[in-house]
Amino acid sequence: MKLGAWMAMLAMTTGCATGSPTGAWVASDAVRYRSASPPAFPRAALSEEVAVRERAPAERPAKAPAPSKAPAVAKAPARKAPAKARVTPAKQTTASPAPTADPRERVLATARALVGQSSVQVSGKRYPADCTALIDATYSQAGVKFRGTIKPGDNGVTAMYRYAQANGRVYTSGRPVPGDLVFFRETYDQNRDGRRNDGLTHVGLVDGVDADGTVTVIHRVKRGVVRYRMNLARPHMARDPKTGEVLNDMLRSPGPGHPHVLTGQLFAAFGSVLPSGPAKPMAVAAR
């Protein structure tokens, strides 16, 4: 009980119940209580070195010491060159995404490289352990900084939502483009009043969209950077009853008197602030 209350207090400053607070964003005004949702809810083994030694034919037994000098000279085959070749693979860095001119691809490459990590560190900078910090880290690779539009009382998620409104677009229908933001509402009881009235509380980014409309989202939760699924056509369904495929992951844990809640049920909006991809928008949910 005490631990749960302590974690809830930490989450209050970020608008994202995923870890330690950023310390810069505090949610306190009516914005967070006004939901932004639409009304409808081995490395390969190194090759072995093979030494080939030539032995000079001995003409007479007395000359045996002479052939012994031949192996000493044969010792000179330049075996130092392979030793240098071993150093080159060791210099390869997997933490940084491959350079690309497309800012959207840089954001995606950075986010995908972080999946499975318990902490977020990009370009030598370590970011706080919450959902907004992951977006800060990945979007920094495209030169995007969200903090310019923050207002008093905004939490980090609301500030990013405002940025998308002012510098791009916020939308709730159409096929999302990989790299776009995904906003969620009321993923936890931020104001601890036992009611679902907390507004925007969580953010991630679109990793991809399946043929059936299931969106894969990369986001930061308590255990680290993970992928979740979200299907807006069937937001109340965890799995497809026919195929067993996951449609929506659990985003809000069960609470006293409340069942668990799925990603599709807590979806608020998508946000686009990066150059659009070639994909033409398509409907993913009937609202």
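Heads up, the sequence shown is in the numbering used here, so the first residue is 363 and it goes up one at a time. Cβ coordinates follow ideal geometry from the N, Cα and C atoms, glycine included.
Going by DSSP, which residues form a beta bridge with residue i?
i	result
Arg531	Ser634
Met612	Leu624
Lys487	Val484
Leu567	Leu543, Ile580
Arg558	Answer by DSSP bridge pairing: none, since Arg558 is not bridged.
Phe629	Phe546
Gly617	His620
Gly586	Val583
Buried or exposed, going by whether 16 or more other CB atoms sit within 10 Å of the CB of residue i?
i	result
Thr462	exposed
Arg503	Correcting the residue identity first, residue 503 is Gln in this sequence and not Arg. Buried, by the Cβ-count rule.
Arg582	buried
Val579	buried
Thr605	exposed
Gly505	exposed
Gln627	buried
Asp555	exposed
Pro597	buried
Gln483	exposed
His564	buried
Ala528	exposed
Ala573	exposed
Pro322	Since the first residue shown for the chain is 363 and the last is 649, residue 322 is missing from the structure and cannot be characterised.
Arg557	exposed
Assign residue i to one of three DSSP states: helix, strand, or coil.
i	result
Asp574	coil
Gly518	helix
Arg601	strand
Tyr550	coil
Arg591	strand
Pro401	Residue placement at Pro401 is flagged as unreliable, the pLDDT there being 30, under the threshold of 50; a coordinate-derived value is accordingly withheld.
Cys378	coil
Gln479	coil
Ala473	helix
In whole angstroms, what separates the C-alpha of residue i from that of residue j?
i	j	result
Ser634	Thr625	19 angstroms
Leu636	Gly530	8 angstroms
Asn559	Arg547	9 angstroms
Pro401	Gly541	With a pLDDT of only 30 at Pro401, under the threshold of 50, the placement of this residue in the model should not be trusted; the figure read from the coordinates follows. Rounded to the nearest angstrom, the two C-alpha atoms are 25 angstroms apart.
Arg614	Val623	5 angstroms
Asp611	Ala600	6 angstroms
Thr576	Leu567	14 angstroms
Val587	Val469	14 angstroms
Arg585	Ala499	17 angstroms
Ala521	Ile512	5 angstroms
Ala630	Asp602	22 angstroms
Pro465	Val608	30 angstroms
Lys487	Ser481	11 angstroms
Ala595	Arg537	12 angstroms
Ser638	Val539	7 angstroms
Arg509	Phe545	17 angstroms
Glu467	Val477	16 angstroms
Phe632	Leu496	16 angstroms
Is it the case that the CB of residue i approaches a heavy atom of the ligand NAP more closely than 8 angstroms?
i	result
Gly619	Ligands in the displayed structure: none, and consequently the ligand NAP is not present.
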